[in-house]
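First comes the structure, then the notes that go with it.
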Amino acid sequence: MIGRRVVVALAGVVIALGLVGVAAAVHGETVHRADSPSMRPAIEVGDLVVAARLHAEPARGDVVVFSDPGGWGERVARLLGQDRVADTFVKRVVGLPGERIACCTAAGELTVDGVPLAEGYRVPAEGLASVLAFDELVPDDAVFVLGDARSTSIDSRYLGSVPLDAVTGAVQLVVPLGG
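Residue numbers for the sequence shown follow the UniProt record's numbering, so the first one is 1 and each next one is one higher.
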């Protein structure tokens, strides 16, 4: 038999999650459930992500939510051997419009316009910033996004830059329900 304390605690969690959803909706924010390990450890599978609508272009380092810019969902599903994936994605902005993003230097670093980028959030923090070499010029109306857990992320390295009009918000809050 479930104890009274457990029932009260579970009810509290349900009420708190409901309040997060209501507060997000009132402030024009959206709530998403993380379904990929690509942003670990900042965002675990099962976590709730609250994203605020952007009123300006995202900045480097922002974790953003974006809608499928055209074909990402289908291609990600195919690469993962799944029938379908979510219509929204969560990744970190590393390249801004007009910048050249390349990997990797002799030291294994990602560069922006030839300057190494410090990535304290990357997993693993040591070694190559990517096992896939790339050298991309970000279009003037797009951003280059990567997952923090590079070995589990399908991102701009594989699918190209994300148009700014597909970016729907910047992550403001992570409710840890996963991992």
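A virtual CB, placed ideally from N, CA and C, is assigned to each residue, including glycine.
Using three-state DSSP, classify residue i as helix, strand or coil.
i, result
"E74", "helix"
"P58", "coil"
"L128", "coil"
"L110", "strand"
"L177", "coil"
Determine the burial state of residue i: buried for a count of at least 16 other Cβ atoms within 10 Å of its Cβ, exposed for fewer.
i, result
"L10", "Low confidence applies here, because L10 scores a pLDDT of 48, under 50, leaving its location unreliable; read the following figure in that light. L10 is exposed by the Cβ-count criterion."
"L110", "buried"
"G147", "buried"
"L96", "buried"
"L48", "buried"
"E126", "exposed"
"G71", "exposed"
"V131", "exposed"
"R122", "buried"
"P58", "buried"
From the options, pick the residue whose C-alpha is nearest to that of residue i; which is it?
i, options, result
"M39", "I154, R78, D165", "I154"
"T152", "E29, I43, V31, T30", "I43"
"R157", "R53, P58, V94, R60", "V94"
"Q82", "C104, L54, C103, S36", "S36"
"P124", "L54, R78, R150", "R150"
"A51", "H32, V145, E57", "H32"
Item to check | Cβ contact check for the stretch 81-94 and the stretch 57-71: 3 or more pairs under 8 angstroms | outcome: Yes, the stretch 81-94 touches the stretch 57-71.
Checklist entry - Whole beta strand (DSSP E) runs in the stretch 136-175 with 3 or more residues, listed along the chain? => result Listed in chain order, the complete beta strand (DSSP E) runs (minimum 3 residues) inside the stretch 136-175 are 142-146, 167-175.
Item to check | Segment contact flag, the stretch 155-175 with the stretch 130-141, C-beta cutoff 8 angstroms, min 3 pairs | outcome: Proximity of the stretch 155-175 to the stretch 130-141 meets the contact definition, three or more beta-carbon pairs being nearer than 8 angstroms.
Item to check | Every unbroken alpha helix (DSSP H) inside the stretch 26-52 [4 residues or more] | outcome: If we require 4 residues or more, the stretch 26-52 turns out to have no alpha helix (DSSP H) run fully inside it.
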